[in-house]
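K.L.:
Sequence order for the protein chains is A and B.
Counting from -10, one number per residue, gives the positions in the first sequence under our numbering.
Counting from 9, one number per residue, gives the positions in the second sequence under our numbering.
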Amino acid sequence: MNKPSIVIEMKDIVKKFGDVIANDHVNFQVEKGEIHALLGENGAGKSTIMSMLSGIYRPDSGSILINGRHVMIRSPKESMALGVGMVHQNFRLVDTLTAIENIILGETNDKWRGTSWRKKKQKEIEEIAEKYGLNFPLSVPIWQLSVGEQQRVEIVKTLYRGADIIIFDEPTSVLTPGEVEQLFLTMQELRRNGKTMIITTHKLKEVMEIADRISVMRKGKMIAQMLKEETTIQELANLMVGQEMAEGILIQPVEIGAPIIEVKNLVVRTDQGIHAINGIDFAIHEHEIVGIAGVAGNGQKELAEALTGLIPWKSGEIIFNHKKLVNPSVSELIDKGIAHIPENRMKSGLAGNLGVVENLLMKSYRKEHRAKFGLLNKKANTEWARNLIQQFDVRTPDLLSPVGQLSGGNQQKLLFAREIDLKPKLMIAVHPTQGLDVGATRSVHEMLVHLRETGSGVLLISEDLDEVMHLSDRILVLYNGKINGNLKRGQAEKEMIGQLMAGVTNQKGAFDESKVVI
Amino acid sequence: MSQKSSYEHISVDLKVDNRKPRMVPYKFEYNPHKKGGWWVPLLSIFVALIICAVFILLNGMNPITIYTKMFQGAFGSSFGISETIVKAIPLLLCGLGVAIAYRIAIWNIGAEGQFLLGAIGATAVTIFLPDLPGALYIPLMLIMGIAAGAIWGLFTALPRTYFQVNELITSLMLNYVALLLLNYLVYEAWRDPAGFNFPGTPEFTPYQMLANIGGTRLHIGLVFALFAVAVLAFMLTKTRWGYELKLLGANSIAAKNAGIKMNKHILIVMMISGGLAGFAGAIEVSGVAGRLMYGISPGYGYTAIIVAWLAKLNPWAMIMTSLFIGGLIVGGYSVQSMGLPLSFSSMLQGAILFCLISGEMISGYRLKKIN
């Protein structure tokens, strides 16, 4: 009843998480021996549908056919037995075990586990690795391997377990450009050997480079499916973002004011002693949004942590509000007026098990009017929280229900409510719209622009280049812990920023010492 | 077969081709934000009683008779009740101590050692200061007991804060250090020369003993313990400090981002935790034993962990759970005469803890209808 060449067919898949529809009657087909790119923005539903294919979630309705046969995949193990393997974005490896131990982990076939068995297994694994040109040290603990090597271990793991269909979930997001190149070579080698691959991504260039066929998802729906030859980057971009993004919100030109924070020759080291931020200078002024563009892992995290007092810096100066900061504590900087929207709201911004009031109090509970003589002012605090969630339109059943059960957009609004209520001079927003739908993204943008209008400075760190370009008055491009470009609004073109992010220097007009505003 | 929503179940072992259509329209869903209510402890006690009933049956006895006898032993007479309360006092104080540490996810299982140090600290006052005015003894002994327990708690907290040493291990190991120290003192350094080789210090003078209540073994330590409950409950729910602890327990990373210093709080909390256990130890020597001696604690520090979790770390609820566990110990004595080993009550405690932990786990799951 199906064409024999179709290995995966997902029909009418619906998956809801609470009230959020992650997949809305999605149809998806993959042909044998192709590299199929599943394209979509963060939160489009790509990971959800792939998770259903690999047995992590089960669909609420709809059917899955593998090789033309109806299947019900109830666990990753069953998915593996059907020949479907997944290379996760966050690797599923045990850090302290070696590559071999990780690959044979969970093997249930053999009773005998002696040296000869291990040798046999090692040989099998070496053969697979060699066949596809996947090099990595076999007998070294995983944590000592580079990210690219760890990914290769993951690929060999799926192959070793007999995968014919391999799902790559955002495989390039953690890799360096050289490693990406190597990954693509591996994928081509796998295709030559008859493997079918699905790659989820939001990077258009990579799609055009590696994919045979392309499916585009947007807001939980399947928008289009086509051959690579039939399309262009421009068309894909339009399909992926849809119409809404193009409008954006209106940003009035505002004259910038006095500098709020001045960073001079800042050097920040990681725990491992690497210079994550390696001597940078910049300033943020009143009425100004400064955006940081850059590939993840070029020092953005460390910069945000140093500016919020979470980690100390090694050398250099930070002058905030005309005063030099000396080993500031987190609470000192909160009191001075630095607000922070951290990268992962549920991991580091909110306490999911606690209610609205307790989450809102987090930054202001030390203040006199919230707690007198060390005693919390319960009645006044509840009233204040009630007003705040009304003002910021946070939809919650009541003030006591755990915020972990709110939708992502409401959680982020709650976080912004807390931070904006501090009347910050400087707002440091890290990936503020990650995983949010269009509506919530828009309100986040409005809040950031409102801060700018009322005189605050904003440091916007985001992986979404469109967002950075749209909101920022000035864009700093971080590469390898250094500022590799300082562009004013309107001066920045996407292509140019892309090259600066990749480390290309001496771009005409891109980086000029004299233009650095200090 | 291609009907909507009818799946074929693929068995994992594809070599055996015995796939059957599967029509179970329910599934379990786990939600980490769903927690079990007050019924989880009650139900786990009930299940534990049933599990242990099997062992009673295997011993050829009637479980209902045994449980009735235990209940009567613990709560059926004024003697039983006062004995139960006497056991409940150290359990309650140690339970409060471990609970406050657990609230910020510091796994202090060293209440036993901190309890012993408290007993040693209080006794040290009687050994080294034999000629104090009588009225000074009790306050000084209690303060020394609390201080010794707090310092013992610090021995766990300091390596944790400065070198990331796992507190589970250090707090457990320090229990054995404390036990050996106690044995050294009662067998050697502080042994009563007139004690006919009994491993204990000289008996305390009446000034060194807590006042009794109503001619029973029940003592004024009960008031101290209840007072501690009230103070701690107030601190945890009404103060800024209590809020900080709540945040640390709920999400330590978010707390760090809010400017709360985890390490400072670990030091404070472990001192309070150890101090409360030390308080219990000081009360036990001065209220019940009347001297420091071998086997001063029948494992109060460990049993207190059950007391704390049964109460879901709520100070007020711990009054009930400490009485319950105290009753279990006393009731255990009374069924010894019927031929059950003394360890039966430990077994029951273990079964309760086991059911409690699994109950908390299971209560995160909800049965949902598919479609």
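We put the beta carbon where it would ideally sit given N, CA and C, even for glycine.
Do you know offhand how far S52 of chain B's Cα is from I108 of chain B's?
P.N.:
Rounded to whole angstroms, S52 of chain B to I108 of chain B spans 23 Å at the Cα level.
K.L.:
Alpha carbons only, please: which of A:R202, A:K208 and A:G209 is nearest the one belonging to M215 of chain A?
P.N.:
Ranking A:R202, A:K208 and A:G209 by Cα distance to M215 of chain A puts A:R202 first.
K.L.:
Can you list the residues of chain A that G45 of chain B reaches, using a CB-CB cut of under 7 Å?
P.N.:
Those within 7 Å of G45 of chain B in chain A number zero; the least Cβ separation is about 14 Å.
K.L.:
What would DSSP say about M152 of chain B, mapped onto helix, strand or coil?
P.N.:
Here M152 of chain B sits in helix by DSSP.
K.L.:
Use the C-beta contact count for I93 of chain B: other C-beta atoms within 10 angstroms, 16 or more gives buried, fewer gives exposed.
P.N.:
Classification of I93 of chain B: buried, given that the 10 Å Cβ count is 16 or more.
K.L.:
Would I464 of chain A and I486 of chain A be called neighbours here (beta carbons separated by less than 9 Å)?
P.N.:
In contact: I464 of chain A and I486 of chain A (Cβ atoms closer than 9 Å).
K.L.:
Going along chain B, which residues have a C-beta under 9 Å from V319 of chain A?
P.N.:
K264, N265, A266, G267, I268 and K269, listed in chain order.
K.L.:
G74 of chain A CB to nearest chain B CB: under 9 Å?
P.N.:
Closer than 9 Å: no.
K.L.:
Decide if M369 of chain B is buried, meaning its Cβ has at least 16 other Cβ atoms within 10 Å, or exposed.
P.N.:
Exposed.
K.L.:
Can you tell me whether I177 of chain B is buried or exposed, with buried defined as 16 or more other CB within 10 angstroms of its CB?
P.N.:
Label assigned to I177 of chain B: exposed.
K.L.:
How about the region 255 to 265 of chain A and the region 454 to 464 of chain A: do they share at least three Cβ pairs that are nearer than 8 Å?
P.N.:
No, they do not touch.
K.L.:
Rounding to the nearest angstrom, what Cα-Cα distance links T385 of chain A and L164 of chain A in this structure?
P.N.:
Cα to Cα, T385 of chain A sits roughly 39 Å from L164 of chain A.
K.L.:
Exposed or buried, K95 of chain B, counting other C-beta atoms within 10 Å across all chains shown (16 or more means buried)?
P.N.:
K95 of chain B should be labelled buried.
K.L.:
Would you tell me roughly how many angstroms separate the C-alpha atoms of G68 of chain B and V343 of chain B, rounded to the nearest one?
P.N.:
So the alpha carbons of these two residues sit roughly 14 Å apart.
K.L.:
Going by beta carbon distance, what residues of the same chain come within less than 6 Å of L148 of chain B, once the five residues before and after it are set aside?
P.N.:
Contacts found: V133.
K.L.:
Just the chain A side, please: which residues come within less than 9 Å of W249 of chain B by C-beta, in chain order?
P.N.:
Within chain A, the residues near W249 of chain B are G363.
K.L.:
When every heavy atom of the ligand HEM is checked, does at least one fall within less than 8 Å of the C-beta of R199 of chain B?
P.N.:
The ligand HEM is not part of the structure shown, which contains no ligands of any sort.
K.L.:
What residue does the alpha helix (DSSP H) around Q289 of chain A start on, and which one ends it?
P.N.:
Element bounds for Q289 of chain A: Q289 to L296.
K.L.:
What is the DSSP secondary structure of A213 of chain A, reduced to helix, strand or coil?
P.N.:
Looking at A213 of chain A - three-state DSSP - the assignment turns out to be strand.
K.L.:
Please state the DSSP three-state secondary structure of N79 of chain A.
P.N.:
In this structure, N79 of chain A counts as coil in the three-state DSSP scheme.
K.L.:
Just to confirm the assignment, what range does the beta strand (DSSP E) spanning V252 of chain A have?
P.N.:
Its beta strand (DSSP E) spans residues P248 to R258.
K.L.:
With DSSP as the reference, label K269 of chain B as helix, strand or coil.
P.N.:
Coil at K269 of chain B, not helix or strand.
K.L.:
With a threshold of 7 Å on Cβ separation, who are the neighbours of G257 of chain B within its own chain once the five nearest residues in sequence on each side are excluded?
P.N.:
Only R111, I112 and A113 meet the Cβ criterion.
K.L.:
Of all Cβ atoms in chain A, is any one closer than 9 Å to the Cβ of E368 of chain B?
P.N.:
Chain A contact via Cβ: absent.
K.L.:
Are there 16 or more other CB atoms within 10 angstroms of the CB of L190 of chain B, so buried, or fewer, so exposed?
P.N.:
Buried, because 16 or more other Cβ atoms sit within 10 Å of the Cβ of L190 of chain B.
K.L.:
In whole angstroms, what is the alpha-carbon distance linking L253 of chain B and D1 of chain A?
P.N.:
The straight-line gap from Cα to Cα measures roughly 48 Å.
K.L.:
Give, in chain order, every residue of the region 177 to 197 of chain B whose Cβ lies closer than 8 Å to some Cβ of chain A.
P.N.:
Cβ contacts with chain A come from no residue of the region 177 to 197 of chain B.
K.L.:
When DSSP labels each residue in this structure, what does T73 of chain B get in the three-state scheme?
P.N.:
Reduced to three states, the DSSP call for T73 of chain B is helix.
K.L.:
Please list the residues of the region 341 to 362 of chain A that have a C-beta atom closer than 8 Å to any C-beta atom in chain B, keeping them in chain order.
P.N.:
Of all residues in the region 341 to 362 of chain A, G341, N342, L343, E347, L350, M351, K352, Y354, R355 and A360 have a Cβ within less than 8 Å of some Cβ in chain B.
K.L.:
Any residues in the region 280 to 310 of chain A with a beta carbon nearer than 9 Å to a beta carbon of chain B? Which ones, in chain order?
P.N.:
So the list reads T297, G298 and L299, given in the order they occur along the chain.
K.L.:
Please confirm whether D462 of chain A and I245 of chain A have their CB atoms less than 9 Å apart.
P.N.:
A contact, by the Cβ cut-off of 9 Å.
K.L.:
Note down, in chain order, all residues in the region 9 to 28 of chain A with a beta-carbon under 7 Å from any beta-carbon belonging to chain B.
P.N.:
Correct list: empty, as no residue qualifies.
K.L.:
Pull up the distance between the alpha-carbon of S294 of chain B and that of F235 of chain B, whole angstroms please.
P.N.:
Approximately 18 Å between the Cα atoms of the pair.
K.L.:
Take the Cβ of E96 of chain A as the centre, count every other Cβ of all protein chains shown within 10 Å, and call the residue buried at 16 or more, exposed below.
P.N.:
Counting Cβ neighbours within 10 Å, E96 of chain A comes out exposed, since fewer than 16 surround it.
K.L.:
For G74 of chain A, list the residues DSSP reports as bridge partners.
P.N.:
A:I155.
K.L.:
How should I72 of chain B be labelled, buried or exposed, when 16 other C-beta atoms within 10 angstroms of its C-beta is the threshold for buried?
P.N.:
Counting Cβ neighbours within 10 Å, I72 of chain B comes out exposed, since fewer than 16 surround it.
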